[in-house]
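Colleague:
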DNA sequence: ATCGCCTCCTGCGCGC
DNA sequence: TGCGCGCAGGAGGCGA
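In the working numbering, the protein residues as written are 0 to 270.
1) Between the Cα of residue 105 and the Cα atoms of 251, 36, 198, 249, which residue gives the shortest distance?
2) Report the start-end ranges of each alpha helix (DSSP H) in the region 36-97 that is 4 residues or longer and not cut off at the edges.
3) Measuring only the C-alpha atoms, how far is residue 230 from residue 214?
4) Between the region 47-65 and the region 136-143, do three or more beta carbon pairs fall short of 8 Å?
5) Could you check what DSSP says for residue 250 in three-state terms: helix, strand or coil?
6) Tell me which same chain residues have a C-beta within less than 6 Å of the C-beta of residue 185, skipping the five on either side of it?
7) With H, G and I counted as helix, E and B as strand and the rest as coil, what does DSSP make of residue 3?
8) Judging by CA-CA distance, which residue of 187, 72, 29 is the nearest neighbour of residue 87?
9) Could you check what DSSP says for residue 163 in three-state terms: helix, strand or coil?
10) Give me, in chain order, the residues of the same chain whose beta-carbon lies closer than 6 Å to that of residue 113; leave out the 5 immediate sequence neighbours on both sides.
11) Pick from 132, 43, 79, 18: whose alpha carbon is nearest that of residue 49?
12) Could you pull the DSSP bridge partners for residue 106 from this structure?
13) From the DSSP output, read off the bridge partner residues of residue 244.
14) Any idea which residues DSSP pairs residue 187 with across the strands?
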């Protein structure tokens with residue numbers, strides 16, 4: 000389940016294989032992703048890759064003439080660099096043929112992800128234009144976070160997972176950041192005290208940074224672009240630890256549902 | 001404007 | 001051992 004650190008890790012993994020190389024051709028083996036893969040994607044055939052960046056959980060591949068490919072990994076997507084003679088796997092939906100002779104394969108069993116083509120002005124794309132700041136940028140400042148949180152009546156957990164407020168905080172990292180900041184996930188956003196909000200904003204950055212440093216989590220089947228797992232899972236303090244002892248106070252980690260999502264927290268440490 | 005619910009899809013783990 | 005069921009989850013979209 001790619002969250003922001005997995006997407007960042009994937010982006011860094013494919014970067015050296017793609018940058019300044021030419022995408023010779025693209026095989027679309029199954030166009031049925033979240034949005035159907037458009038024929039327009041063939042516009043980038045024989046184009047050199049200029050740059051690869053990330054916005055929220057979208058990987059943005061810029062090719063010649065400011066064209067872009069936007070890739071979202073959804074729930075179960077991954078990108079893998081491999082040699083051309085490696086057999087295709089079930090759920091390999093797109094194959095990008097590179098001028099190095101290697102291939103980049105988009106694999107996504109649940110097909111919640113997307114591969115989109117955009118001519119220019121990538122940041123004007125409807126999927127990107129309304130997004131809040133990147134959590135690791137200065138724009139996600141303490142003052143910004145406090146201002147945005149003040150009027151919100153939703154739970155603090157749903158608030159920090161709202162991409163209009165800040166992007167890239169998925170279910171796992173929301174749980175972990177709330178635990179680290181000592182904030183109960185069900186608490187109404189507007190009622191979280193200023194010092195707690197400051198701690199929470201810093202905790203979001205801390206857990207994301209730490210996970211990126213370690214190459215993403217390895218829940219379920221995440222593998223980075225070299226096929227190696229990440230090493231974050233052993234550091235999860237509350238996520239998927241229902242019934243286990245809290246690492247801080249030894250009381251029992253609870254599981255509840257907020258907005259259809261499993262939510263794990265320590266009732267004693269998080270108020 | 002804001003909030004909360006529904007939806008897409010497949011693999012996995014559970015109970016029997 | 002096999003079957004069937006329910007759950008998991010990112011995030012857009014929509015109705016209230």
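Where is the CB? At the ideal position from N, CA and C, for every residue including glycine.
Modeller: Let me spell this out:
1) 36
2) none
3) Confidence at residue 230 is low in this model, with a pLDDT of 42, below 50, so the placement of that residue should be treated as unreliable; the coordinate-derived value is given next. Distance between the alpha carbons of residue 230 and residue 214: 7 Å.
4) no
5) Coil.
6) 154
7) When secondary structure is reduced to three states using DSSP, residue 3 falls in the helix class.
8) Minimum Cα distance to residue 87 is reached at 29.
9) coil
10) 32, 33, 34, 71
11) 18
12) 77, 91
13) 251
14) 154
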